[in-house]
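These protein sequence lines are chains A and B, in that order.
Here the first sequence is numbered in my numbering, starting from 9 and rising by one per residue.
Here the second sequence is numbered in my numbering, starting from 13 and rising by one per residue.
Idealized CB from N, CA, C, for every residue including glycine.
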Amino acid sequence: MKKPVSPAMALWGWPVVMAVLTAMGLFCGLWGDGPWDLLSWLGLGVPTVAALYFGLRGRTARR
Amino acid sequence: MLSARSLRVWSWLHKWSSLVCTLFMLLLCLTGLPLIFHHQIGAWLGTEVEAPALAADTPRVSLDRVMQVARQRFPAKGGMFVSQEPDDDKIWYVTLSDTPTSETDLMQVAVDARTGIALAEPKLDRGLMFVIYTLHVELFAGLAGKLFLGFMGLLMLVAVVSGVVLYAPFMRKLRFGEVRRDRSTRTRWLDLHNLLGIVTLTWAFVVGATGMINTWADLVVQYWRNDQMAEMVAPYRGEPPLKQLGSLEKAVAAARAREPGMKIGFIAFPGTAFSSEHHYGVFMRGAEPLTARLFKPVLVDAVTGEVTASRTPPWYLSALLLSQPLHFGDYAGAPMQWLWAVLDVITVIVLGSGLYLWLGKRRAPQRSTRPARAAQREVLP
Numbered sequence: 009m010k011k012p013v014s015p016a017m018a019l020w021g022w023p024v025v026m027a028v029l030t031a032m033g034l035f036c037g038l039w040g041d042g043p044w045d046l047l048s049w050l051g052l053g054v055p056t057v058a059a060l061y062f063g064l065r066g067r068t069a070r071r
Numbered sequence: 013m014l015s016a017r018s019l020r021v022w023s024w025l026h027k028w029s030s031l032v033c034t035l036f037m038l039l040l041c042l043t044g045l046p047l048i049f050h051h052q053i054g055a056w057l058g059t060e061v062e063a064p065a066l067a068a069d070t071p072r073v074s075l076d077r078v079m080q081v082a083r084q085r086f087p088a089k090g091g092m093f094v095s096q097e098p099d100d101d102k103i104w105y106v107t108l109s110d111t112p113t114s115e116t117d118l119m120q121v122a123v124d125a126r127t128g129i130a131l132a133e134p135k136l137d138r139g140l141m142f143v144i145y146t147l148h149v150e151l152f153a154g155l156a157g158k159l160f161l162g163f164m165g166l167l168m169l170v171a172v173v174s175g176v177v178l179y180a181p182f183m184r185k186l187r188f189g190e191v192r193r194d195r196s197t198r199t200r201w202l203d204l205h206n207l208l209g210i211v212t213l214t215w216a217f218v219v220g221a222t223g224m225i226n227t228w229a230d231l232v233v234q235y236w237r238n239d240q241m242a243e244m245v246a247p248y249r250g251e252p253p254l255k256q257l258g259s260l261e262k263a264v265a266a267a268r269a270r271e272p273g274m275k276i277g278f279i280a281f282p283g284t285a286f287s288s289e290h291h292y293g294v295f296m297r298g299a300e301p302l303t304a305r306l307f308k309p310v311l312v313d314a315v316t317g318e319v320t321a322s323r324t325p326p327w328y329l330s331a332l333l334l335s336q337p338l339h340f341g342d343y344a345g346a347p348m349q350w351l352w353a354v355l356d357v358i359t360v361i362v363l364g365s366g367l368y369l370w371l372g373k374r375r376a377p378q379r380s381t382r383p384a385r386a387a388q389r390e391v392l393p
């Protein structure tokens, strides 16, 4: 059974994930080359793609 | 949950901090976009210097020869800086000036490190990219322009933080990423503003904060000179100014011997902001992405060519040096540049939609009578 999501989690869950991913992306690239660069692109890429996806396609309310 | 009063305070903060800085932020985003790709644009415009292909182990000519070649082009000027790009040790960029502290009439000669042939004279004070760069950094207003833009950056940070606080009351009834496209244009832009703002929040904050730190670069370097540099060169205090400089090659070889694992970032001639009256300041960089940014200064006696001091940069200089890549996005390869560019454009949309929402509110004041709408208007900038 799915637990009900608390209002705070519903509101801040994804924004916090995006913030952590971005921070990870920004610092991994500075830390090393090779695999660190990959992590860096991933960290910064996910929020960027999310912004483009939701911004361009949108998710209209289905309630 | 925000009380009505704190909601009013935060929305006031968000409105005014954004309004004051928005036009400047738009300018910074638009001029920053080409700056992300300045190397590629330089290659495309033909202003980027390219060294001919030679065997990788081709011996390097002496730096004294490099200086000689550069000064032949501008006999009236003296050495100011000699530098290399982090990823290309085939070219020395020699900057020449009338005095070591000149800010205008600087000339640069790119010299092939293998053959000692002058490859080009990159123009430091004209061209499209120069205009874009100077607008971005100082609005053609020198230190005052930098500090002004730094203050605008601070306002932008206030706008980002207050925007995050205001995200909650707007999004309480919406799912993450929801853009109500079936509602008014205004609602759609409001949702888009919230979505793009919250997703790019960390990037915008980091780029804004590091940009602000970069505006203090001159002051930080000045402070470092008075602080650590003064201590390092204390034994030379009161000595007469130098008439003749010793071998640069010897000085750089001594610095290399002191820091064998590091490469030359740049060399500052005596009397410049990055050295003393009696020293070559040789700034070494490490091989890792992080240490490549953290220049380590090695001071070499400009007459004898002996190392007199070498110190890890203090925290404030490290902070400045690390804030550069985090602002420029010039690390982790080309994908990083493209991410920087897309995030820059998204920031333009956040700025533009914020302005649109404010203008729209001014044009149609309090038309709505529905309480929910009225509450929403309350928090709108």
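Exposed unless 16 or more other CB atoms sit within 10 angstroms - verdict on residue i
i, result
"S29/B", "buried"
"Q120/B", "buried"
"Q378/B", "Legend: pLDDT at Q378/B = 49, less than 50; position of this residue unreliable, value from coordinates given subsequently. The residue is exposed, with fewer than 16 neighbouring Cβ atoms inside 10 Å."
"F93/B", "buried"
"R305/B", "buried"
"Y61/A", "exposed"
"H148/B", "buried"
"P15/A", "exposed"
"G51/A", "buried"
"T34/B", "buried"
"M79/B", "buried"
"R195/B", "exposed"
"V294/B", "buried"
"V21/B", "exposed"
"T227/B", "buried"
"S18/B", "exposed"
Cross-chain neighbours of residue i in chain A, by beta carbon under 7 Å
i, result
"Y343/B", "G37 and L38"
Chain B residues whose Cβ lies nearer than 7 Å to that of residue i
i, result
"S14/A", "The contacting residues do not exist; S14/A stays about 13 Å from chain B at best."
Minimum Cβ-Cβ distance from residue i to chain B less than 8 Å
i, result
"G63/A", "yes"
"G42/A", "no"
"M26/A", "yes"
Within-8 Å CB hit, residue i to chain A
i, result
"E300/B", "yes"
"L204/B", "yes"
"P347/B", "yes"
"L75/B", "no"
"P98/B", "no"
"M37/B", "no"
"G189/B", "yes"
"A386/B", "Reliability fails at A386/B, whose pLDDT of 46 lies under 50, so the model's placement of it is uncertain and the value that follows must be treated cautiously. Chain A, which has no Cβ nearer than 8 Å to the Cβ of A386/B, makes this no."
"R184/B", "yes"
"A395/B", "Any question about residue 395/B goes unanswered here, given that chain B covers just 13 to 393."
"P337/B", "yes"
"T214/B", "yes"
"V312/B", "no"
"I210/B", "yes"
"V170/B", "no"
"L31/B", "no"
"L45/B", "no"
"L369/B", "no"
"L363/B", "no"
"H26/B", "no"
"L131/B", "no"
"L351/B", "yes"
"S15/B", "no"
Under 9 Å from the C-beta of residue i: neighbouring residues of chain A
i, result
"F307/B", "Those do not exist, as F307/B stays about 15 Å from chain A at its closest Cβ, beyond 9 Å."
"I358/B", "T56, A59, L60 and G63"
"V218/B", "T30, A31 and L34"
"L10/B", "The displayed coordinates of chain B run from 13 to 393. Any statement about residue 10/B would go beyond what the structure contains."
"L19/B", "Result: empty, since nearest Cβ-Cβ is about 16 Å, beyond 9 Å."
Neighbouring residues, chain A, relative to residue i (Cβ below 8 Å)
i, result
"V354/B", "T56 and L60"
"L207/B", "A59, F62 and G63"
"I48/B", "In chain order: nothing, as chain A lies at least about 13 Å away."
Taking only runs of the beta strand (DSSP E) that begin and end inside the segment 232-314 of chain B, which ones reach a length of at least 3 residues, in chain order? 275-280, 291-297 and 308-313
Is it a yes or a no for the segment 45-59 of chain A touching the segment 345-363 of chain B, going by three-plus beta-carbon pairs under 8 Å? yes
Does the segment 330-343 of chain B touch the segment 214-222 of chain B, meaning 3 or more C-beta pairs lie closer than 8 Å? yes
Which runs of the beta strand (DSSP E), 3 residues or longer, sit entirely within the segment 62-104 of chain B? 90-97
Which runs of the alpha helix (DSSP H) fall wholly inside the segment 104-165 of chain B and span at least 4 residues, in chain order? 140-150
Below 8 Å, how does it come out for the segment 201-217 of chain B and the segment 163-181 of chain B: are there three or more Cβ pairs, yes or no? yes
Would you list, in sequence order, the uninterrupted beta strand (DSSP E) runs of no fewer than 3 residues that lie entirely inside the segment 175-200 of chain B? none
Is the segment 149-156 of chain B close to the segment 12-30 of chain A, with three or more CB pairs under 8 Å? no
Cβ contact check for the segment 132-143 of chain B and the segment 43-60 of chain B: 3 or more pairs under 8 Å: yes
Counting pairs of Cβ atoms below 8 Å between the segment 245-253 of chain B and the segment 62-71 of chain B, do you hit three or more? no
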